[in-house]
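Working notes, structure below.
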Amino acid sequence: MSANRPAAVVVLAAGGGTRMKSATPKVLHELCGRSLVGHVLAAADELEPEHLVVVVGHAREQVTAHLAATHPAARTAVQETQNGTGHAVRTALESLGGTVDGTVVVVCGDTPLLTGGTLRALADVHTADGNAVTVLTAEVPDATGYGRIVRDGASGAVTAIVEHKDASETQRAVREINSGVFAFDGRLLAEALGKVRTDNSQGEEYLTDVLGILREAGHRAGACVAADHREIAGINNRVQLAEARRALNDRLLERAMLAGVTVVDPATTWVDVTVAFEQDVVVHPGTQLLGATRLAEGAEVGPNTRLTGTAVGAGARVDNTVALDAEVGPGATVGPFAYLRPGTRLGAGAKIGTYVETKNASIGEGTKVPHLSYVGDATIGDHTNIGAASVFVNYDGESKHHTTIGSHCKTGSDNMFVAPVTVGDGAYTAAGSVITKDVPPGSLAVARGQQRNIDGWVARKRPGSAAAKAAEAASREPAGES
10 MSANRPAAVV VLAAGGGTRM KSATPKVLHE LCGRSLVGHV LAAADELEPE HLVVVVGHAR
70 EQVTAHLAAT HPAARTAVQE TQNGTGHAVR TALESLGGTV DGTVVVVCGD TPLLTGGTLR
130 ALADVHTADG NAVTVLTAEV PDATGYGRIV RDGASGAVTA IVEHKDASET QRAVREINSG
190 VFAFDGRLLA EALGKVRTDN SQGEEYLTDV LGILREAGHR AGACVAADHR EIAGINNRVQ
250 LAEARRALND RLLERAMLAG VTVVDPATTW VDVTVAFEQD VVVHPGTQLL GATRLAEGAE
310 VGPNTRLTGT AVGAGARVDN TVALDAEVGP GATVGPFAYL RPGTRLGAGA KIGTYVETKN
370 ASIGEGTKVP HLSYVGDATI GDHTNIGAAS VFVNYDGESK HHTTIGSHCK TGSDNMFVAP
430 VTVGDGAYTA AGSVITKDVP PGSLAVARGQ QRNIDGWVAR KRPGSAAAKA AEAASREPAG
490 ES
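Written as structure tokens, this is what we have:
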């Protein structure tokens with residue numbers, strides 16, 4: 010547990026986000042495997058606060074349901090009417106009894122690039138400097154439209170936050186801006202919120218007014234400057250969402266590469282925050298790694314591959330493949346152009362080849378399904394070869410059934426295995442067979458009609474055709490010539 014543990018972190022997530030132009034609440038839009046508010050909560054968790062409160066309002070049923078599913082430790086406080094950021098924080102404090110002893114950190118629910126390290130630095134500066142309020146700031150290349158931080162020249166204390174439209178020319182030259190993220194003394198915050206007025210153009214209670222109220226009461230206001238100004242960027246539209254996604258993706262890939270992962274083309278590689286890499290993984294262009302995907306040492310993935318919740322074993326190779334909730338064993342090879350659906354489990358050294366689809370299938374060590382096949386609801390043993398164009402017929406129109414094929418089997422091309430059926434260890438099946446009955450170990454199953462040749466059929470049924478002429482010419486050739 011941190012020695013400087015905040016009493017509470019309050020996440021403001023009640024806004025409507027109309028500029029997103031979406032039926033989805035703004036804070037639930039996703040990037041890199043989490044919602045906007047999910048990223049903020051992950052950063053807040055690193056402070057280990059005693060209380061974590063999310064203020065909800067717009068579409069609160071959706072937001073609350075999302076929080077219950079993804080972050081059940083967070084409590085919610087409902088802001089029935091969105092009357093400003095000050096009112097939102099007051100709503101959160103009321104859910105905690107009205108007053109909180111200790112540090113209260115307030116963050117915005119639409120800042121997905123904010124890190125736990127930066128929040129920790131804010132809380133530490135707040136405590137070390139003995140501030141009543143500490144604002145997280147950043148120096149940006151272009152401060153147009155942002156509230157400027159005005160400091161005391163001698164002490165460096167923050168004296169005011171001046172909105173762009175109200176700033177003088179001198180103040181507009183300042184590049185240090187307000188992030189909307191604060192650390193407060195909990196008791197002083199509660200007192201100051203009771204004094205916030207609504208005599209402004211929006212008729213709302215602004216949290217920024219608390220800073221002036223506390224200073225007028227003789228308390229110190231300070232600032233903590235974020236190392237990377239992009240961390241404080243809020244998301245208000247789809248353009249900013251895409252920019253944040255790129256920035257976060259770059260951060261994740263840089264972390265992976267510094268840990269020993271080769272990313273051939275970071276510009277076309279996309280990963281979620283929940284993806285795990287081991288050393289000497291190689292990721293080729295056009296690859297998406299999503300959910301709880303795990304790549305073990307020496308695995309090679311891509312190009313043009315999307316893995317979701319998939320584990321790839323050491324030294325395995327996955328090429329031009331879509332996989333969802335699958336396991337690829339060590340040294341296995343998949344693709345190109347394969348589709349691994351949920352429940353696929355490949356043993357060590359197994360092979361899934363071109364245009365093969367698998368679902369709910371356990372495929373043993375060294376077993377090969379090389380070409381043009383569907384394997385569903387099946388168990389296949391070790392070192393078996395499944396012939397090209399095989400179909401595991403698992404659905405009878407009402408229920409799914411299971412097929413079992415043993416170890417060291419050789420099944421012919423163009424086989425259909427009509428489940429439920431079992432092929433024993435070491436058995437063979439002939440090409441073109443429809444297997445409807447169990448095949449004993451070591452047996453050969455032949456399940457196809459006898460071939461019958463009808464001589465002269467083409468000449469009688471297709472006279473004058475190219476085929477008839479070719480057949481006639483062939484019949485005139487001396488035996489043994491071509």
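In my numbering, the protein residues as written are 10 to 491. From the three backbone atoms N, C-alpha and C, an ideal C-beta is built for every residue, glycine too. On a predicted model such as this, the values are computed, not experimentally measured, just so you know.
Cβ separation of residue i and residue j, assumed to be a contact under 8 Å, to the nearest whole Å
i	j	result
T153	V159	With 8 Å as the limit, T153 and V159 do not qualify as a contact, their Cβ atoms being about 17 Å apart.
R196	T108	6 Å
T445	A456	7 Å
I170	T217	5 Å
Helix, strand or coil at residue i according to DSSP, with G and I counted as helix
i	result
N394	strand
N209	coil
H380	strand
L122	coil
R14	coil
K174	helix
D386	strand
Q180	helix
A74	helix
V19	strand
E6	Examination of residue 6 is not possible in this model, given that the chain is present from 10 through 491 alone.
A308	coil
T27	helix
A68	strand
T314	strand
A320	strand
Segment limits, beta strand (DSSP E) that includes residue i
i	result
H96	No beta strand (DSSP E) holds H96; the alpha helix (DSSP H) holding it covers 94 to 104.
V64	60 to 65
E240	Note, E240: premise wrong, no beta strand (DSSP E); not H, not E.
K446	First-last for K446: undefined, no H or E at that position.
G362	360 to 363
V142	142 to 148
K368	366 to 372
A86	84 to 87
C117	112 to 117
A347	347 to 349
Q297	296 to 299
L37	That residue, L37, is in no beta strand (DSSP E); it is neither H nor E in DSSP.
R229	First-last for R229: undefined, no H or E at that position.
V109	Element bounds for V109: n/a, residue is neither H nor E.
For residue i, the first and last residue of its enclosing alpha helix (DSSP H)
i	result
V574	The chain is shown from 10 up to 491; residue 574 falls before or after that span and cannot be answered.
H135	125 to 138
V46	45 to 54
G189	Taken as a continuous stretch (DSSP letters only), G189 belongs to no alpha helix (DSSP H), being part of the beta strand (DSSP E) at 185 to 194.
E225	218 to 225
is_contact[residue i, chain D] using C-beta, thresh 8 Å
i	result
P81	In summary, chain D is missing from the structure at hand, where a single protein chain is found.
| said: Taking contact to mean 3 or more Cβ pairs, one atom from each stretch, closer than 8 Å, check whether the stretch 246 to 253 and the stretch 125 to 139 are in contact. | reply: No contact exists between the stretch 246 to 253 and the stretch 125 to 139.
| field | Three or more C-beta pairs below 8 Å linking the stretch 162 to 180 and the stretch 110 to 121 | value | No, the stretch 162 to 180 does not touch the stretch 110 to 121.
| request: Count the CB pairs spanning the stretch 419 to 434 and the stretch 383 to 403 that are closer than 8 Å, and state whether there are at least three. | output: Contact check between the stretch 419 to 434 and the stretch 383 to 403: three or more CB pairs, one atom from each, fall below 8 Å, which counts as touching.
| field | Uninterrupted alpha helix (DSSP H) stretches inside the stretch 245 to 293 (no shorter than 4 residues) | value | You should have 247 to 267.
| said: Whether or not the stretch 282 to 291 and the stretch 300 to 317 are in contact is what I'm after, with contact meaning three or more pairs of Cβ atoms, one per stretch, closer than 8 Å; do they touch? | reply: Put simply, the stretch 300 to 317 touches the stretch 282 to 291. At least three CB pairs are less than 8 Å apart.
| field | Meets three-Cβ-pair contact criterion under 8 Å: the stretch 133 to 152 and the stretch 227 to 236 | value | Flag = yes, the stretch 133 to 152 and the stretch 227 to 236 touch.
| message | Does the contact criterion of 3 or more C-beta pairs under 8 Å hold for the stretch 44 to 53 versus the stretch 79 to 90? | response | With a cut-off of 8 Å, the stretch 79 to 90 and the stretch 44 to 53 count as touching, because enough Cβ pairs lie within range.
| said: Quick check for students: name the residue ranges of the beta strand (DSSP E) that lie wholly in the stretch 406 to 480, counting only runs of 3 or more. | reply: Within the stretch 406 to 480, the complete beta strand (DSSP E) runs of at least 3 residues are 412 to 414, 425 to 427, 430 to 432.
| Can you find at least 3 beta carbon pairs, one from the stretch 349 to 365 and one from the stretch 329 to 336, that sit closer than 8 Å? | Judged by Cβ distances under 8 Å, the stretch 349 to 365 makes contact with the stretch 329 to 336, as three or more pairs qualify.
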